[in-house]
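**Student:**
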Amino acid sequence: MECRSGPPLTVERKADYMTKAPQAAPIFGGPLGFLVSAWNRYKWSYFFIAPSMFFFFIFLLYPVFRAFLLAFQEWALKGSKWVGLRNFQDIFFGLSSKLFWETMEHTILYAVVVVVVWIVAALVVAGLLQPLDNRVQSLFRGAFYLPYVTSIVIISLVWIWIFNPDYGFFNWLLGLAHVGPLRWLVDPKIALWSVILSTILLVPGSGVVLYSAAIGSIPRELYEAAEVEGASAVRKWLHITIPLLQPTTLYLTVIYTIAAFQVFDRVFIMTGGGPINATTTIVQLIYATAFSDFNFGKASAEALVLFVIIAAFSTVQFKLLSTEVEY
Amino acid sequence: MLAALSRRRTARQRLTSGLALKAFIYGLLTLGAIVSLFPLYWMFNTAFTPGSEVIKLPPELIPKNPSLENFSLVVKAAPNIWRWGANTLFIALVTMGLHVLFDAMSGYAFAKRRFPGSRILFWLVIAALMIPGQVTLVPLYIMISDMRQVLTEITAGWPQHAMVMEAASNYGAVILPGLADVIGIFLMKQFIQTLPSELEEAARIDGASELGIFTRIILPLSAPALAVNAIFAFQRYWNAFLWPLVVLQKQEYYTLQVGLSFVYRSEFGTNYGLLMAGAAMAAIPMIIFFFAFQRYFMAGIRIGALKG
């Protein structure tokens, strides 16, 4: 496409629908003619977006709108009642507010530990992969990514078995060192940490892939210059790789944090939020409020709280993504 | 001469330290791979261990008497498991197929065509990317319940079609909201934007129809993005859990993920051999899928990230 022979085209030819001003068809005058010609010009554009916009409006935008209404209502089959801010009051200060704040604590603890460990692990692993040849690299990346394509429901069932107090693999391991046995998911004091452990005991495949791609785009000359000055591999990693990977790090931090705040499947399967609410996370709470208490208004209000938290992170993401690093 | 000697020694030292470093790197990476893959390995290990030997200490790291006993048990305990697999495949394939087509269409329109409302619509798409799925959970549930209510009333008039209506009500409840995801639109728009416009223009001058331009030029050129969108959609709907859990009412219509959580909560929940066999059956298709399309998975992560 790039190598065009002949004189360079000075004027880009644009299709009619891009350049021509709408003109009334001669048969019709006035606004009707304008509408007809506009329709003729744009009908294909609307045809192309129609199917996805149809579902987008009905099953996403409208429900979001409904969620905002529901959050200020008390929902009932026979008709909902406006209750103002009572749902939010209930969440933050009501009888069950203690559970909400505990839930926030669990979710934040989960998110902080998981995100920090994943970022560090991905950075280290991508750095270790860097000097290896491509075939070996992609073999390892495949191994790290495989657990991600498997559903969390399945992985969580396996973890329940690994955490089994009597016959589980972990207590057998601890037994070899004469420690334990621990009641991993049953003991309220450590249940949340067990869930966290099951999340962090893997190399975060997506992060490794992204970091590897970013490392690939760092100019070789920088490393060569460092080698001339006798820098060790670790120093090169610390002083060249990590600083230049900053945009990827920020991006990963944000998407991992958003994902961590939405953790549900593994909590639902492994503990159901128990024992005695020791592992309730915010989405688990929304689920319970909606489908155990059938308090749809309050559940929507809780979802909006989650939305605000996530929107804050997304805003930061878009801000940060627009800053570029120069090599 | 002395200088040459010392230089040779440092060269050899560097070689051995290089080898040691390589060994160290391989060791660490292998350890990481073992830890990451351990749950999958343990699942298969337990699944192939005969029932009586599952609960045994010390556990066997490789089943001494491998057997398919657990698999026949899980098929007996959850006879619907094949049906669940078929449901999951059906839902994932239909949603994926429609997504690939619809996302490409609107991605093309947003990338290459200008029309009144295109800016505001695309802005809405971007804004929707920030909204966590849980926000629409309850309103969608109410909407779907209302739709089902209407469907039930219609069915009351035609009892002979009750089965069809029931299937439509369950599959539709999972598939329709799935079609509202916007991440694919964004992906396709970003990709199609990078295609040169000259081909389109040339075809238009040659008198190609708008539909022809889309099917003969845009679609073939977008093949890599279509593939990435397809496999990520398939993975998303194959593994979906919360929404199917909420809306699927009858066992016959469960997906594998919902069905497995159901088995876990049943009286078989403590039979780990059986449970792991079920989990393995549900995991195998996705593992095969991954190895078949590994290249696209890796490319997809990168595309997804570069474009935010």
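So the protein sequences, as listed, match chains L and H.
First residue of the first sequence: 23, per the working numbering; consecutive thereafter.
First residue of the second sequence: 163, per the working numbering; consecutive thereafter.
All C-beta atoms, glycine included, are put in the ideal place defined by N, C-alpha and C.
Predicted, not measured: the structure shown is a model, and the values here were computed from it.
#1: Pull up the distance between the alpha-carbon of H/Pro-201 and that of L/Trp-181, whole angstroms please.
#2: Which parts of the region 228-307 of chain L are runs of the alpha helix (DSSP H), unbroken and 4 residues or longer, counting only runs that do not cross its ends?
#3: Around the Cβ of H/Gly-462, are there at least 16 other Cβ atoms within 10 angstroms (buried) or fewer (exposed)?
#4: In chain order, what residues of the region 198-225 of chain H put their CB closer than 7 Å to some CB of chain L?
#5: Got a sec: is the Cβ-Cβ distance from H/Pro-406 to anything in chain L below 7 Å?
#6: Pull up the distance between the alpha-carbon of L/Ala-133 and that of L/Phe-283, whole angstroms please.
#7: Counting Cβ pairs closer than 8 Å, one from the region 212-220 of chain L and one from the region 118-134 of chain L, do we hit at least three?
#8: Out of L/Ala-334, L/Gln-159 and L/Gly-295, point me to the one whose CA is closest to L/His-128's CA.
#9: Do we get a CB-CB distance below 7 Å when we pair L/Gly-238 with the residues of chain H?
#10: Residues in its own chain within less than 7 Å of H/Ala-266 by CB, not counting five upstream and five downstream?
#11: Buried or exposed for L/Asn-193, going by 16 or more other Cβ atoms inside 10 Å?
#12: Are there 16 or more other CB atoms within 10 angstroms of the CB of L/Ser-173, so buried, or fewer, so exposed?
#13: Examine chain L for any beta-carbon lying closer than 7 Å to the beta-carbon of H/Arg-245, and answer yes or no.
#14: Distance, Cα to Cα, L/Glu-251 vs L/Thr-263?
#15: Starting from H/Gln-296 and walking both ways along the alpha helix (DSSP H), at which residues does that stretch end?
#16: Beta carbons nearer than 9 Å to chain H: which residues of the region 125-140 of chain L have them?
#17: On the premise that L/Ile-332 lies in contact with L/Ile-280, defined as a C-beta separation below 8 Å, what is that separation, rounded to the nearest angstrom?
#18: State the DSSP-derived secondary structure class of H/Lys-226, mapped to helix, strand or coil.
#19: Give me the Cα-Cα distance between L/Asp-144 and L/Leu-232, rounded to the nearest whole angstrom.
#20: Indicate whether H/Ala-271 and L/Ile-71 have their beta-carbon atoms separated by less than 7 Å.
#21: For L/Ser-336, does the count of other Cβ atoms within 10 angstroms reach 16, so buried, or fall short, so exposed?
#22: Is the Cβ of L/Pro-169 closer than 7 Å to any Cβ of chain H?
#23: What are the boundary residues of the alpha helix (DSSP H) that includes H/Met-292?
#24: Which of the three DSSP states is assigned to L/Trp-104 in this structure?
#25: Note down the Cα distance separating H/Lys-226 from H/Met-325, rounded to an integer number of angstroms.
#26: Relative to the alpha-carbon of L/Ala-98, which residue among L/Leu-82, L/Phe-115, L/Gly-164 and L/Asn-317 has its alpha-carbon at the smallest distance?
#27: Near L/Lys-320, which residues of its chain fall below 8 Å by C-beta distance, leaving aside the five closest residues on each side in sequence?
#28: DSSP three-state label for L/Ala-46, please.
#29: Pull up the distance between the alpha-carbon of H/Tyr-458 and that of L/Lys-341, whole angstroms please.
#30: Just to check my reading of the structure: H/Phe-264 and L/Ser-74 have Cβ atoms closer than 8 Å, yes? What is that Cβ distance to the nearest angstrom?
#31: Got a sec: is the Cβ-Cβ distance from H/Ile-253 to anything in chain L below 7 Å?
#32: Flag this pair as yes or no: are the beta carbons of L/Ile-176 and H/Ala-454 separated by less than 7 Å?
#33: Kindly list, in the order they appear in chain L, the residues whose Cβ is closer than 7 Å to that of H/Phe-452.
#34: Between which two residues does the alpha helix (DSSP H) harbouring L/Phe-162 extend?
#35: For H/Glu-231, which of helix, strand or coil comes out of DSSP?
#36: Would you please verify whether the beta carbon of L/Val-58 is less than 7 Å from any beta carbon of chain H?
**Tutor:** According to the structure data:
#1: 7 Å
#2: 242-250, 255-258, 268-283 and 287-292
#3: buried
#4: Ser-198, Leu-199, Pro-201, Leu-202, Trp-204, Met-205, Thr-208, Ile-217, Leu-219, Pro-220 and Pro-221
#5: With 7 Å as the cut-off, H/Pro-406 does not count as an interface residue toward chain L.
#6: 6 Å
#7: yes
#8: L/Gly-295
#9: So, not an interface residue.
#10: Met-350, Leu-381, Ser-384 and Leu-388
#11: buried
#12: buried
#13: No, H/Arg-245 does not count as interfacial toward chain L.
#14: 16 Å
#15: 296-319
#16: Identification of residues in the region 125-140 of chain L having a C-beta nearer than 9 Å to some C-beta of chain H yields an empty set.
#17: 5 Å
#18: coil
#19: Residue 144 of chain L is actually Ala in this sequence, not Asp. C-alpha of L/Ala-144 to C-alpha of L/Leu-232: approximately 9 Å in a straight line.
#20: yes
#21: buried
#22: Taking CB atoms only, L/Pro-169 has a neighbour in chain H less than 7 Å away.
#23: H/Met-292 -> no alpha helix (DSSP H), and no H or E assigned at all.
#24: strand
#25: Between the alpha carbons of H/Lys-226 and H/Met-325 lies a distance of about 47 Å.
#26: L/Asn-317
#27: Asn-109, Asp-112, Ile-113 and Thr-311
#28: Caution applies to L/Ala-46, whose pLDDT of 46 falls short of 50 and renders its modelled position unreliable; the value that the coordinates give is listed next. The answer is coil: DSSP assigns L/Ala-46 none of H, G, I, E or B.
#29: Spanning the two alpha carbons is a distance of roughly 29 Å.
#30: About 4 Å; that satisfies the 8 Å criterion.
#31: no
#32: no
#33: Residues of chain L whose Cβ lies closer than 7 Å to the Cβ of H/Phe-452 are, in chain order, Leu-168 and Val-171.
#34: Per DSSP, L/Phe-162 belongs to the alpha helix (DSSP H) from 156-171.
#35: helix
#36: no
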